[in-house]
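According to the working numbering, the sequence shown is numbered sequentially starting from 12.
Following: one structure in structure tokens, then a few remarks.
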Amino acid sequence: MSDEQLIREITAGNDAAFKTLMERYQQQVFRTVMGFVHTKEDAEDITQEIFIRVYQSLNTFQGESELSTWLYRITLNMSLNFLRSNRKKRMLQSLEALFTLRSEEKTPLEELESAERDRRIRQAIDSLPERQRMAFILSRYEELPQKKIAAVMNRSEGAVEQLLQRAKENLQKKLSSTIGK
Numbered sequence: 012m013s014d015e016q017l018i019r020e021i022t023a024g025n026d027a028a029f030k031t032l033m034e035r036y037q038q039q040v041f042r043t044v045m046g047f048v049h050t051k052e053d054a055e056d057i058t059q060e061i062f063i064r065v066y067q068s069l070n071t072f073q074g075e076s077e078l079s080t081w082l083y084r085i086t087l088n089m090s091l092n093f094l095r096s097n098r099k100k101r102m103l104q105s106l107e108a109l110f111t112l113r114s115e116e117k118t119p120l121e122e123l124e125s126a127e128r129d130r131r132i133r134q135a136i137d138s139l140p141e142r143q144r145m146a147f148i149l150s151r152y153e154e155l156p157q158k159k160i161a162a163v164m165n166r167s168e169g170a171v172e173q174l175l176q177r178a179k180e181n182l183q184k185k186l187s188s189t190i191g192k
């Protein structure tokens, strides 16, 4: 069933069609949210909230873009809103994760170094300007082509290419000491 048919079925009251829509897009939405929030529990909660929003807003979907593009826009906006309202909580979770991660294959020192490197990478991604971060996450986490990212972000492909290039340069600057370790 196409996305257009799903939308018609859902707006006609077919709850099974909405379940199909969720199954089709849930993993993509979850991965995108994880790119922003980095914690499974928060990503699961936000993903649920996104689909509630989609269900409530589906009758406003104009069909001017693909459903997946509209869904990514909602995902990006809700992820960014979550980040803005939960900065302190995220910092505490990052510190907690740094000290509680364990692996049987690594020594405690190696595990600590690995967790610290991961934290710095997440922190570097999180510190990118908003548009660069959005383009980077959609490109790297979702592996979307630049054309799709441009549609999601309402930008030209050239603008997206510039955002990705700047994001890469900024990450290289921020991580030059971390990557070498």
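Glycine is no exception: its CB is placed at the ideal position from the N, C-alpha and C atoms.
Query, Result
"Helix, strand or coil, according to DSSP, for Asn193 in the structure here?", "Since the first residue of the chain shown is 12 and the last is 192, residue 193 is not available in this structure."
"Quick one: what's got a C-beta closer than 7 Å to Asn181's C-beta in the same chain, skipping five residues either side?", "Leu139 and Gln143"
"Distance check for Val171 and Ala161, CA to CA, integer angstroms please.", "6 Å"
"If you reduce the DSSP assignment to three classes, tell me which class Ser187 lands in.", "helix"
"Return the residue from the list Phe72, Gln67, Gln176 and Gln37 that minimises the CA-CA distance to Thr58.", "Gln37"
"Out of Phe93, Trp81 and Glu75, state which residue places its alpha-carbon closest to the alpha-carbon of Glu52.", "Phe93"
"Candidates Leu69, Gly169, Thr43 and Ala135: which alpha carbon is nearest Leu149's?", "Thr43"
"Less than 8 Å between C-beta atoms, sequence neighbours within five positions excluded: which residues of the same chain meet that for Glu55?", "Phe41"
"Consult DSSP for Gly169 and reduce its assignment to one of helix, strand or coil.", "helix"
"Looking at the structure shown, is Ser125 part of a helix, part of a strand, or coil, going by DSSP?", "helix"
"Comparing C-alpha positions only, which one of Glu15, Gly169 and Ala178 sits nearest to Gly74?", "Glu15"
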